[in-house]
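Enquirer: Sequential numbering from 0 applies to the sequence shown in numbering that gives the first Met the number 0.
Glycine included, each C-beta is placed from N, C-alpha and C at the ideal position.
Below: one structure in structure tokens.
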Amino acid sequence: MNENTLETIELELAVIIRRTTSITTRNKLGNLDRSAYLLLQRIVSRGSAGVKTLADEFQLDISTVSRQAAALEQKGYVYRIQDLQDGRFHTYEITELGKKEWAEAKQARIGRVSELLQKWTEEEKETFGRLLKKYNQAFFE
């Protein structure tokens with residue numbers, strides 16, 4: 000890969016991260032911040048999970064995920080399920096309120112992405128989605 004291509008990718012990633020952060024800070028999409036949205040998305044899509052599992056999947060420290068999960072629990076978006084084998088451990092499950100907030104945030108996010116991509120062809124959108132997914136998966140290889 001030539002140096003100009005790598006420089007373009009690096010710069011465009013920096014710009015997209017900056018703009019995404021700026022837009023979501025200014026125009027909150029739903030009642031959930033990014034970390035809450037992602038944790039709830041994980042639980043909705045793959046079921047209950049413990050802090051260590053979530054930390055491993057998001058490549059974060061356990062203390063960070065524990066703090067984020069505690070905030071979700073305090074808001075009533077998740078609840079703890081005690082591990083029957085080892086009472087020191089627990090997993091988090093989403094509540095009905097959590098599902099509602101997550102679904103609303105998801106719709107707001109999809110609406111925003113749809114606005115940004117309205118002039119793109121279906122083929123361009125599919126290619127962009129596929130390549131973004133491939134890029135994100137590279138972090139785990």
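1. Which of the three DSSP states, helix, strand or coil, is assigned to Glu92?
2. Do Leu53 and Arg41 have their C-beta atoms closer together than 8 Å?
3. Does the segment 81 to 88 come close enough to the segment 31 to 47 to have 3 or more Cβ pairs within less than 8 Å?
4. Please go through the same chain and pick out, in chain order, the residues whose beta-carbon is closer than 8 Å to the beta-carbon of Glu9, but skip the five residues on each side of it.
5. Where does Tyr78 fall in DSSP's three states?
6. Is the beta carbon of Glu100 closer than 8 Å to that of Asn30?
7. Using only the alpha-carbon positions, how far apart do Ser113 and Glu56 sit?
8. Looking only at its chain, what residues have a beta carbon closer than 7 Å to the beta carbon of His89, apart from the 5 residues adjacent to it on each side?
9. Which residues does DSSP pair with Ala48 in a beta bridge?
10. Which of the three DSSP states is assigned to Lys118 in this structure?
Expert: In this structure, then:
1. DSSP places Glu92 in the strand class (E or B) of the three-state scheme.
2. yes
3. no
4. none
5. strand
6. Yes, these two residues count as a Cβ contact at 8 Å.
7. Cα to Cα, Ser113 sits roughly 27 Å from Glu56.
8. Gly49, Arg79, Ile80, Gln81 and Asp82
9. Tyr91
10. coil
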